[in-house]
Each structure stands twice: as structure tokens, then as C-alpha cells.
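Q: My structure is below; once you've seen it, I'll send some questions.
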Amino acid sequence: MDKPFAITLDVGSSLANKTGSWRTERPVYRDLLPPCNNACPAGENIQQWLYHAEEGGYEGAWRQIMADNPFPAVMGRVCYRPCQSACNRGQLDEAVGINSVERFLGDEAIKRGWTTEAAAAGTGKSVLVIGAGPGGLSAAYHLRRLGHAVTIVDAGEAAGGMMRYGIPRYRLPREILDVEIERVRDLGVTLELGRQVTDVPAAMRAGGFQAAFLAVGAAIGKRAYIPAGDSARILNAVSVLHDVEGPHRPLLGRQVVVYGGGNTAMDAARTAKRLGATDALVVYRRSRDNMPAHDTEITDAQDEGVRMKWLATIAHADHGAITVEKMRLDDSGLPQPTGEFEELAADTVILALGQTSDLSLLSNLDGVEQRDGELIVDPNLMTGHPGIFAGGDMVPGERTATSAIGHGKKAARAIDSWLGGQPYQPATKPAIASYNLLNTWYYSDAPATIRPKLDPARRVTTFDEIEGGLDESTALFEARRCLSCGNCFNCDNCFGVCPDNAVIKLEPGNRYAIDYDYCKGCGLCVAECPSGAIEMNPEQT
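Numbering (the numbering used here), first residue to last: 3 to 543.
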């Protein structure tokens, strides 16, 4: 957390009877890594922006987010909140609603027209970004703020990648996405749509680019062999979700079966309901516990009337019907056939079996390595071809928009270092502030604020956003639930409990110092620090 380090002093005194010589250990202020920060795929300094927000400094909080993530209003809606899963407060009562506060700040920025600026002086270097999804847009944003000229090339008709063509409108209203994308363009990023790059080196030479970042995403739906009659209607989920954004929405019929168990399967089934399906059924080979979809997505789908058929696989598809075979899990957890079959009505079958990337643009690149349909990169996201970096869904890792945004930021910093002739050296992370370091006696129970949701019966009749945001009062309350794990927040506990008056208050924002002439090393300040921001260190002999 970017608060100033506290200062320790050996100040001396004109008073007699100094007791510092009694010490065998001395208290030392420290700054640890909050678990929320550590868990954030975008690398946000969450505790720092919550610190601003809890004081009502909303613009400062928003700008702190924007230092790492250019899409707070988007991510406040679609991120799966690993920060909250890691939040220490979850062991006390309920995790801080970090994502809810981020959405509030993102929406507040849109409402008030807050903007960011690129670097005052340009570097004279230019970078090609291929792909206008979350990874490419994030890289372009950070590269412009570092002073580089950036051109994004994308084959689609509109920017946003899977944020636009993979996440349904009921989760992400397009006007929110458009505003945050436009903010990136306003930095001076050039965006060329409807253009596909098939030869990266040639595109770099033609545009005079010194480096490139590849972020084409994984927009090709995987297929599986399903015995089917000539009249069976089988689509893939990626195409269905993409076509919903077009002028002619797909006609799926009344009985829709989605084959798969991930988040895309949930989106496809919920979209089918909104397109008029009276019955949307998800068929998955394993049990619910094995489903890769997030629990919230499964629960929301079920609330909207999506049915689940676990431990089943599609054995045959034909006009208006499918045949499924019941499965069982063996001792290792793998599904095995049982020989029991069942026929189900199905006007359309939607395959949601994962996605892969179109890597054909790598054909003229020397030194690059592919493995299982993914591009292999080094720890700084550079491919085997010098100056060409890659991130997002096309490289190994978690496939979420938040992760892609984090890749874009990391790649931008690595590209900046590479263009400057220096290797990129990420900052060393401090130790994580674990729950056992906190003194939770000082914190009263404060249950998390729940965002309002549309009634399920209303949801399936429209693509309107289903989840609301917090207002200012609830956002402020939620921000103030942060425990400031591992970092001093000027609570004055150490100052108040020290029996020797050895803790000295410094100027506002500079925290505290310790007069070691009088500190006996009793450790009371450490025991009473709510956030675990002080530790006892042995005296040097």
C-alpha cells in the first residue's frame, strides 16, 4: 500500500532514567501486502483506493484504480472477485464488497466526467497492438500513459473483444463499456477496426512499429464429435453470444440444450431464455461440484429457470430431440458411461465446450512456440521473437477479462523497458498480511452490503442489467469495512497504549515514530495494533 513509511527515531532526551537499554526486542513499523491486492489479477492497489474512498475521496480512489485498470465500471460488473475470496474480513464476518465499491467509483467517474491524460512528452517509439479486447485495450492505455504512440488493429466491427461479444448485456450494459473504451481512445490511441493482421512482421514494418503486443483472445468455440442427423441444429456458444450483438439475433426455438459446464454455458443458457426459449437445459458430464462455472453464475441461471442435468453426455442429436447417456463418476472423479439413455426435446443444441485462439497470424514469426493451442511467453510476456509480446486468453493462464487487463498492464511495462534497452524488473512483493496478524477485537460486526437485483421473472424478459450498484452511503459504509490489513492507518492505538510515551505522532500522513531511548520493548503496541502493522525485531548486539 502506497502510504508513507513510518520513521523510527533515536531522538535522545534531556530527561534522566532512560529505559531503552532494558530492551531485548524493538517494535518496528512495517508494510505488508494485503491479501486482496495479492489476489487481484489486474494488480490493483485495492487497499489504497479503499483508503481514499472511506474518507470520501472518490476521485482520488478512482485515479488510484486507473493507475492499474482502465475499466473500473466494467470490472465492477463482470469481475469474479478473487480479491473478495482472499479478503481477511471474510474470516471475521463477511468479505468487504470491494467489487461493489469499484463499480460505484467507476459509475461516479462516468457521471462526473473524470478523465485521464497520457504522458506529457512522447518517447518517439510506437507499438502495434493486435486485438481490441480487454488485454489489448489495457496495454494500449498503459503504453500511452508511458508516452508511446499506440495503434490497435482489430478484425471486429467494434472494440471490446469478449467484453462486447462474449459477456451479455444483462451483465454489462454497452453504454458503460463504450464510455470506458472511448476514454482509452481519448488518450490518443489509434484504433483501426475491420482489419485482420495475418503477418505480424509485415504489419510492424509497414507501420514503423518497434514492438507489438498480441491479444487476439480466444474467440473460436471448440467442437466435439456428436453423432447427428442431417436436420439436427447444432451451434456453438461463442457464435450465439456474438450474434446477439448483431442486427439479427439468432432464432433458437423453444427447447434449447446447452452442452458444457463453464461460465460461457451459463451465459448461453440465460441468453436463450431471453431470446424466447421456454426451456433451457444445461447438460454437463460431471456433478455440480466439478463444474468450472462460478457458483454465482450457476445460482443466477437456476433462479432464471435454467435447468441443470448433471452426470450426462449427449450421445446423439437429431431434429427436435437429443439422446443423452447417464454418467457416473469413478473413484478418480472421471465420468464413465452407464449404458442408460434418455431422449429429450431439443430444437437447438449449443456447444459450450471451451474456446481456442486463432494463431494463424504467427505463421511468419520466427522463434515463437505454441502448445495446446496457446502461445508460450516468458515471465515478462515476451514471445520467443524479440520485441513481440502476448497476453490474455491466447497465452496460458486464467481466462477472464480481469486477467487480460493485468496482462496488458504487465506487457506495457515490459515493452517500455524493452524499448529503453533495459530488462523489466517487477517490484519485489512484501509478505502477505494474514488474518492471524490482525487484532480483530477493535472491529465490530458489519455485514456486507448486498447489491439489489431484478426479480428473476423480470430478468428473462429483457436484456436490461440485472444487478444494481451501491449508492454513496452504502459505498462509503462498505469501504469503511476494510481492515487495512498489514498497513498503518493512523488509528492512534500504539500512541495511546504505550506505557512509556515512546510513540511519537508525526505530521498527518507520516504516521508514527518510536523514541527508542524510552521504549522498553514491552510489545504492547504490537499486540494492540489492529492491522498487524508493527512487529518485534531482536536487538542487534
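Don't be surprised by glycine CBs; every beta carbon is placed ideally from N, CA and C. On a predicted model such as this, the values are computed, not experimentally measured, just so you know.
Just to confirm the assignment: which complete alpha helix (DSSP H) runs, minimum length 4, are found wholly within the stretch 34 to 73?
A: With a minimum length of 4 residues, the continuous alpha helix (DSSP H) runs that stay inside the stretch 34 to 73 are 37 to 41, 48 to 56, 60 to 68.
Q: Tell me whether the beta-carbon of Ala151 lies closer than 9 Å to the beta-carbon of Ala270.
A: As a first step, residue 151 must be located in the sequence shown, where it is residue number 149. As a first step, residue 270 must be located in the sequence shown, where it is residue number 268. Not a contact, by the Cβ cut-off of 9 Å.
Q: Indicate whether the contact test is met: 3 or more Cβ pairs, each with one atom in the stretch 342 to 359 and one in the stretch 314 to 332, closer than 8 Å.
A: Yes, they touch.
Q: Are Trp64 and Pro74 closer than 9 Å when you measure CB to CB?
A: Sequence index remark: in the sequence shown, residue 64 carries index 62 (1-based). Sequence index remark: in the sequence shown, residue 74 carries index 72 (1-based). Taking 9 Å as the Cβ cut-off, Trp64 and Pro74 qualify as a contacting pair.
Q: Report the CB separation of Leu216 from Ile132 in whole angstroms; it is logged as a contact under 8 Å.
A: For the purposes of this step, residue 216 is taken as residue 214 along the sequence shown, with counting starting at 1. For the purposes of this step, residue 132 is taken as residue 130 along the sequence shown, with counting starting at 1. Contact flag correct, Cβ pair sits at about 5 Å.
Q: I'd like the span of the alpha helix (DSSP H) that includes Lys275, first residue to last.
A: Numbered from 1 along the sequence shown, position 273 holds the residue referred to as residue 275. Here the alpha helix (DSSP H) through Lys275 covers 265 to 276.
Q: Closer than 6 Å by C-beta to Thr192: which residues in its own chain qualify, once you throw out the five before and the five after it? Chain order, please.
A: As a working mapping, residue 192 is identified with position 190 in the sequence shown. These residues qualify, in order along the chain: Thr153.
Q: When you compare the CB positions of Pro136 and Gly394, do they come within less than 9 Å of one another, or not?
A: One-based indexing of the sequence shown puts residue 136 at position 134. One-based indexing of the sequence shown puts residue 394 at position 392. A contact, by the Cβ cut-off of 9 Å.
Q: By alpha-carbon positions, which one of Ser241, Cys81, Ala88, Cys89 ends up nearest to Leu174?
A: Numbered from 1 along the sequence shown, position 172 holds the residue referred to as residue 174. Taking only the C-alpha atoms, the option nearest Leu174 is Cys81.
Q: Whether or not the stretch 502 to 512 and the stretch 458 to 473 are in contact is what I'm after, with contact meaning three or more pairs of Cβ atoms, one per stretch, closer than 8 Å; do they touch?
A: No: fewer than three Cβ pairs fall under 8 Å.
Q: So the candidates are Ile222, Ala55, Gly22; which of them puts its Cα closest to the Cα of Met396?
A: The count along the sequence shown starts at 1 and reaches residue 396 at position 394. The candidate whose alpha carbon is nearest that of Met396 is Ile222.
Q: So what's Met165 in DSSP terms, helix, strand or just coil?
A: Here residue 165 refers to the residue found at position 163 when the sequence shown is read from its first residue. Helix.
Q: Among the residues of its own chain, which have a CB less than 6 Å from the CB of Met68, if the five just before and after it don't count?
A: Walking along the sequence shown from the start, residue 68 turns up at place 66. These residues qualify, in order along the chain: Thr118.
Q: Check the DSSP bridge columns for Met310 and list the partner residues they point to.
A: Here residue 310 corresponds to residue number 308 of the sequence shown, with the count starting at 1. According to DSSP, Met310 bridges with Val284.
Q: Can you list, in chain order, the residues of its chain whose CB lies under 7 Å from that of Ile101, leaving out five sequence neighbours each side?
A: Counted from its first residue, the sequence shown places residue 101 at position 99. As written in the sequence, residue 101 is Asn, which differs from the Ile given in the question. The residues are Gly78, Cys81, Arg83, Gln86.
Q: Going by Cα to Cα distance, which pick from Val186, Val129, Tyr31 is closest to Asn489?
A: The residue labelled residue 489 in the question sits at position 487 within the sequence shown. Of Val186, Val129, Tyr31, the residue nearest in Cα terms is Tyr31.
Q: If you follow the beta strand (DSSP E) that Gln372 is in, where does it begin and where does it stop?
A: As a working note, residue 372 is residue 370 in the sequence shown. Counting along the chain, the beta strand (DSSP E) containing Gln372 begins and ends at 371 to 373.
Q: Going along the chain, which residues of its own chain have a beta-carbon closer than 8 Å to the beta-carbon of Ser359, five neighbours each way excluded?
A: In the sequence shown, counting from the first residue as 1, residue 359 sits at position 357. If we look at Ser359 and ignore the five residues flanking it on each side, its Cβ neighbours are Val218, Gly219, Ala220, Ala221, Ile222, Gly375, Glu376, Leu377, Asp395, Met396.
Q: Tell me the rounded alpha-carbon separation between Leu197 and Phe391.
A: Locating residue 197 in the sequence shown gives position 195, where the first residue counts as 1. Locating residue 391 in the sequence shown gives position 389, where the first residue counts as 1. According to the sequence provided, residue 197 is Arg. The question's Leu does not apply to it. In a straight line, the C-alpha of Arg197 is about 20 Å away from that of Phe391.
Q: Beta carbon of Ile228, beta carbon of Val76: below 9 Å?
A: Translated into the one-based positions of the sequence shown, residue 228 becomes position 226. Translated into the one-based positions of the sequence shown, residue 76 becomes position 74. No. Outside cutoff.
Q: If you run the structure through DSSP and keep just helix, strand and coil, what is Asn238?
A: Along the sequence shown, one-based indexing puts residue 238 at 236. Strand.
Q: Is it buried or exposed, Ser475, if we count other Cβ atoms within 10 angstroms and call 16 or more buried?
A: Translated into positions along the sequence shown, residue 475 becomes position 473. Ser475 comes out exposed.
Q: Specify, as a first and last residue, the run of the beta strand (DSSP E) that Gly498 falls within.
A: As a working note, residue 498 is residue 496 in the sequence shown. Not the beta strand (DSSP E): Gly498 falls in the alpha helix (DSSP H), residues 495 to 499.
Q: Measure the C-alpha to C-alpha separation of Pro398 and Leu145 and round it to an integer number of angstroms.
A: Taking the first residue of the sequence shown as position 1, residue 398 is located at position 396. Taking the first residue of the sequence shown as position 1, residue 145 is located at position 143. Computed Cα separation, rounded: 23 Å.
Q: For the alpha helix (DSSP H) containing Tyr143, list its first residue and its last residue.
A: Mapped onto the sequence shown, residue 143 falls at position 141. Tyr143 -> alpha helix (DSSP H) spans 136 to 147.
Q: Taking 9 Å as the cut-off, decide whether the C-beta atoms of Ile434 and Asn40 are in contact.
A: If you number the sequence shown from 1, residue 434 lands on position 432. If you number the sequence shown from 1, residue 40 lands on position 38. The answer is yes: Cβ separation under 9 Å.
Q: For Glu537, report the span of its beta strand (DSSP E) as first-last.
A: Position 535 of the sequence shown, counting from 1, holds the residue named residue 537. Glu537 -> beta strand (DSSP E) spans 536 to 540.
Q: Which of helix, strand or coil does DSSP assign to Leu355?
A: On the sequence shown, residue 355 is found 353 positions in, with the first residue counted as 1. Leu355: coil per DSSP, three-state reduction.
Q: Is the stretch 246 to 260 close to the stretch 278 to 288, with three or more CB pairs under 8 Å?
A: At 8 Å Cβ cutoff, the stretches touch.
Q: Relative to the alpha-carbon of Glu159, which residue among Glu194, Gly168, Gln424 has its alpha-carbon at the smallest distance?
A: For the purposes of this step, residue 159 is identified with residue 157 of the sequence shown, where counting begins at 1. Ranking Glu194, Gly168, Gln424 by Cα distance to Glu159 puts Glu194 first.
Q: Compare the beta carbon distance of Leu367 and Val202 with 9 Å and say whether it is the shorter of the two.
A: For this step, residue 367 is matched to residue 365 along the sequence shown. For this step, residue 202 is matched to residue 200 along the sequence shown. It is a contact, given that the beta carbons lie within the stated cut-off.
Q: How many Å lie between Glu530 and Tyr520 at the Cα?
A: Position 528 of the sequence shown, counted from the first residue, corresponds to residue 530. Position 518 of the sequence shown, counted from the first residue, corresponds to residue 520. If I take the Cα positions, the gap works out to 19 Å.
Q: Among the residues of its own chain, which have a CB less than 6 Å from the CB of Pro43, if the five just before and after it don't count?
A: The residue you call residue 43 lines up with position 41 of the sequence shown. Only Thr404, Ser405, Gly408 meet the Cβ criterion.
Q: Bridge partners for Lys455 per DSSP, in chain order?
A: The residue labelled residue 455 in the question sits at position 453 within the sequence shown. Per DSSP, Glu469.
Q: Measuring CA to CA, which of Ser23, Arg91, Tyr172, Asp156 is closest to Leu456?
A: Working through the sequence shown from its first residue, we reach residue 456 at position 454. The option with the nearest alpha carbon to Leu456 is Tyr172.
Q: Can you confirm whether Lys20, when its beta carbon is compared against all beta carbons of chain D, has any partner nearer than 9 Å?
A: Absent from the structure is chain D; it holds one protein chain and no more.
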